[in-house]
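Asks: Heads up: the sequence shown at position 95 corresponds to 95 in the UniProt record's numbering, and the numbers run straight through without jumps.
Don't be surprised by glycine CBs; every beta carbon is placed ideally from N, CA and C.
What follows is a structure written as structure tokens; I'll ask about it next.
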Amino acid sequence: MVGRAGGGGGLERGRMRWGSKAGCSLVATKVAAGGEKALRLKGAAEGRVIFCVGPGVSPCAVVCCCGCSVWNQPAGGSDFVAGMALWVQNRKKKSNGKTKDEKSKKRRDRKQKDKGEAQLQAEQEEAERLEKERLEREHLKKLEEKYQGARESELAELNSLEQKFLSAQQWKMDYREQAKWEHYLSCDGSPDPTVPQEMNTFMSLWREDQDEGVQLVMEKGEVVLKLIEKLEFLLLEASPNEITEEQRVQYQEFILQLQVLLHQKYNEATQNLLKIASMYDDSETGNMHTVIKDKNTTFCIWVNLKKKPRFKTHMFQEAGHGFDLPKSLALSSVAVRVLHTRYDHVSPLWLQCQGLPRQEASDNEESAEHPKDNGQEPGEEEEKGREEPSVPAAEETPSKERKESAASLTENSNNTDDKKETEEETEKNSDILDEPSQEEGAVLQEEPGGREEAAQVVDPQQLVPVGGVYHTDALQLPPQAQDVRDWSMVELLDVGLQVYPYSPGEAEDGTQAAVQITLRLPDNVIYFEAPVVARWDPAGQQWRTDGITNITYEAQERSITFGMGAFYTVALLQDAHLNLPYQAWELQPTGVDEGLFTVTAVFATIQIQIKDNQCMLSSVVVEEEEVLSHITGQWMSPFALREALKRAGVNIFPAEHSHKYVPVPRKAALAEGKAYEQMALLAAAFAFAHSKWNGEAGPGQVVFKVSEHLKADSAKDNHWSLYMFNGEKVQTLKLTETSEAFSEELEEESEFHSTLYHMLKDFASKEAMDKVERAGSLFIDSVYQLLLATRVLAFS
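Shown next, in the form of structure tokens:
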């Protein structure tokens, strides 16, 4: 209600009245207490005392706008006004003081009440937490008792399934016996590599034939390479029940002898060609040059017949290799040979044929090293003193170190069939998969010359030759045939192929005048990074980087150029672990005893199809482009596929020392090995995949995703479950891949089991478990071999 001046009239409202004149503007408002009306000047703040004074008139009213009191007085009366002013002032002070005390008291009371309520709530929450923990302990105790009670029967049931591993091993033994019999019946002229008499006869006859040309050596070399491959795979796959320890040593010796003999035959063929080099001189330069190659070897040779400095540079167009000689060599009777072998018969045998990591515990402390005292091998005394860096002479016969390294291959071989015999020992040594050998860390410290010397020696466990080996040699030119009337006469020497005694002079800048070599990289090999050029040191039996200068790598042209102070056997090395750790992996069934194994590495994505006892490289994708078409689409054994990928530069197979070079959490062998076995047994009906929580679970546990997979594309993201396994107990986790932190909390309504098989049986369909029961032993074994070779649970 608003009262506004209007000709000096008066207004009356209930018990309240006031007089007003022109210019007196009043606003009527409700009082909070008492239901009366109070008056205040328009725009005045609530809770304040207002004197309502009209222009030229006495105060008409005094109002306490807080509502505690209302005074009514007719207009006029100055004493009343003064008294009321004093009363209002006192009332205001009293009211303000009382309000502050009340507010302070209310705040204290509210704080006390809130504190009490918070304490009560905390006590209630603590009680609830303790009760929840008590119930959880009781629940876990019951689950543990149930798990212990069922453990024996579950392990017995699993053991019956694991007999499929032994069945697969027996099938492979029978298959090899059948292959031996079929080879015997074929009478194709090639020896059985497991029969010493046949091998010795084969090598003796070939040694006696010294008049072969390069082309014929290449043809026979293909037979030799197949014999070596058969022996290598036999050493990796065969069990102690199949071959004895003496046979293993014998097979390793055969491998070394075949490697040496093959290179010796190339030297003899080179010598035979050099004797008649003048018959094939080039009409333009007067010198002789030729390129002969097959799928395993490229043989390039240039003979300096005219000795003209302007022809000191040559490029073998058919091969892409070339050289630039110092002037002193350009004026000499010298031949330059570049022999590129796409295999490595130079590195020690224990590096060439590294077996899969052992799952079982054994005396394996020195499996990655050369034995220090292995006794003398046959013919060992003949090798002493042959350590000069002249390539042909140094490589004709294996050195003592190479022979000693052969023995360690026995310890490195992977015998999957005897894992049952050593199961108890495995459990006692639960970290054998990643156990470093005692001498492993001392390889480089033993080098003379301290740290500077060690820096020039290649760590063979980290950098490995990729694309084969390049033998670059400066050779003495033997006497050439001369025409005398109707006769062609040539002086014959009994010394064989000789290295040219080249001593590099000094260039203008005071350094040694280097031989410049250009090599074309093989088309069927992938170099993910610029390769490291290293030379072979026959004396130290090691690859070294010193003596190699001015390296220029052309990735687009796939060539590399470098300088050398002498002629060396060189190789292009690549980090064996650059594709580790894996970014992701997945194993899923695709049909009856068929599956697809996908590994996403750092630089490549590899897909491998599995069918029965064979594997096929389905695709290798690098930067959205498929590569390695020469080995895709070919069925082969898991061992053969592994070697083919490594030769092509795609190494996704960790060795037992790889943990030193890959920053991944260590995993106990018991958990890792048992997981691979049981995953393989279930792979016919279930998909398995990488979990980001595996690294958070600690060394004694592995975590992975599992999904029932009975038809194509059935393993979707929302169907995956997480499982944690320590080799003896498995549990389903409540955790998901999108959880914020790792937790071992059990999934609701789940239990503990001794095996992954029984855990999945709780939730799987009958169709899935029937498919597991019917799975073929060969398929199971192939899956297991791939899982054990890649070690996806330890290196992802």
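1) So the beta strand (DSSP E) Lys711 belongs to, where does it begin and stop?
2) What are the start and end residues of each continuous beta strand (DSSP E) run of 3 or more residues lying completely inside the segment 545-612, in chain order?
3) Identify, in the order they occur along the chain, each residue of the same chain with its Cβ nearer than 7 Å to the Cβ of Tyr676, setting aside the five sequence neighbours on each side.
4) Using 10 angstroms around the beta-carbon of residue 799, count the other beta-carbons present and answer buried if the total reaches 16, otherwise exposed.
5) Counting Cβ pairs, one atom from each stretch, are 3 or more of them under 8 Å apart for the segment 258-277 and the segment 295-305?
6) What residues in its chain sit with their C-beta under 8 Å from that of Val223, if we drop five residues either side in the sequence?
7) Which residues bound the beta strand (DSSP E) around Phe323?
8) For Lys312, name the three-state secondary structure that DSSP assigns.
9) Following the continuous beta strand (DSSP E) through Ser619, name the residue where it begins and the one where it ends.
10) Which residues in the same chain have their Cβ closer than 6 Å to the Cβ of Ile743, if we skip the five residues on either side of it in sequence?
11) Assign Trp543 to one of two classes, buried (16 or more other C-beta atoms within 10 Å of its C-beta) or exposed (fewer than that).
12) What ranges does the alpha helix (DSSP H) occupy inside the segment 616-695, keeping only unbroken runs of at least 4 residues that lie completely in it?
13) Which same chain residues end up closer than 7 Å to Pro581 when comparing Cβ atoms and leaving out the 5 residues on each side of it in sequence?
14) Within 10 angstroms of the Cβ of Ala683, are there 16 or more other Cβ atoms? Answer buried if so, exposed if not.
15) Quick one: what does DSSP say Phe233 is sitting in, helix, strand or coil?
16) My guess is that Ala168 and Leu778 are in contact by the Cβ rule of under 8 Å, so how many angstroms apart are they, rounded?
17) Kindly give me the distance between the Cβ atoms of His709 and Phe725, rounded to whole angstroms, as I take these residues to be in contact under 8 Å.
18) Using a Cβ-Cβ cut-off of 6 Å (strictly less than) and excluding sequence neighbours within five positions of Gly776, which residues of its own chain qualify?
19) How many Å lie between Val792 and Ile780 at the Cα?
20) Of all the options Tyr527, Val484 and Gln247, which has the alpha carbon lying nearest to the alpha carbon of Phe603?
21) With C-beta atoms as the reference, is Ser333 less than 8 Å away from Lys307?
22) Over what stretch of residues does the beta strand (DSSP E) that includes Gln482 continue unbroken?
23) Just to confirm, is the Cβ distance from His345 to Gln259 under 8 Å?
24) Near Lys771, what residues of its chain come up, given a Cβ to Cβ distance below 6 Å and the 5 sequence neighbours on each side ignored?
25) For Arg342 and Asn296, which I take to be in contact (beta-carbon distance under 8 Å), what is that distance rounded to the nearest angstrom?
26) Under 8 Å by Cβ, that's how I've got Gln607 and Ser618 pegged, so tell me the actual separation to the nearest angstrom.
27) Under 6 Å Cβ to Cβ from Pro309, same chain only, skipping five residues before and after it: list those, please.
28) Using the C-alpha atoms, what's the distance from Gln588 back to Lys705?
29) Quick one: any contact between the segment 212-232 and the segment 141-158, if contact means 3 or more CB pairs under 8 Å?
30) Thinking Leu519 and Ala335 are a contact (beta carbons under 8 Å), I'd like their distance in whole angstroms, please.
31) Any heavy atom of the ligand ATP closer than 7 Å to the beta-carbon of Glu253?
32) Grab the span of the alpha helix (DSSP H) containing Tyr280 for me, first residue to last.
33) Hey, is the segment 221-235 in contact with the segment 185-199, meaning 3+ C-beta pairs nearer than 8 Å?
34) Report the start-end ranges of each alpha helix (DSSP H) in the segment 158-243 that is 4 residues or longer and not cut off at the edges.
35) Have a look at Val458 and Ala566 and give me their C-alpha separation to the nearest angstrom.
36) Which residues in the same chain have their Cβ closer than 6 Å to the Cβ of Gly695, if we skip the five residues on either side of it in sequence?
Replies: Let's see:
1) Counting along the chain, Lys711 falls outside any beta strand (DSSP E), and DSSP gives it neither H nor E.
2) 548-554, 559-564, 569-575, 584-591, 594-600 and 605-611
3) Tyr784, Leu787 and Leu788
4) Summary: the structure shown does not reach residue 799, with the chain confined to residues 1 through 796, and so no result is reported for it.
5) yes
6) Ser190
7) His321 to Asp324
8) coil
9) Gln614 to Val622
10) Looking at the sequence itself, residue 743 is Ser, so the reference to Ile does not match. Same-chain partners within the cutoff: Leu735.
11) buried
12) 638-647 and 669-682
13) Val662, Val664, Phe795 and Ser796
14) buried
15) helix
16) 5 Å
17) Their Cβ separation, rounded to whole angstroms, is 19 Å, which puts His709 and Phe725 out of contact at 8 Å.
18) Asp593
19) 17 Å
20) Tyr527
21) yes
22) Gln482 to Val484
23) yes
24) Ala684 and Ala685
25) 5 Å
26) 4 Å
27) Lys327 and Ala330
28) 11 Å
29) no
30) At roughly 18 Å, the Cβ-Cβ gap does not stay under 8 Å, so Leu519 and Ala335 are not in contact.
31) The model depicted lacks the ligand ATP and carries no ligand whatsoever.
32) That residue, Tyr280, is in no alpha helix (DSSP H); it is neither H nor E in DSSP.
33) yes
34) 196-208 and 214-237
35) 19 Å
36) Pro665
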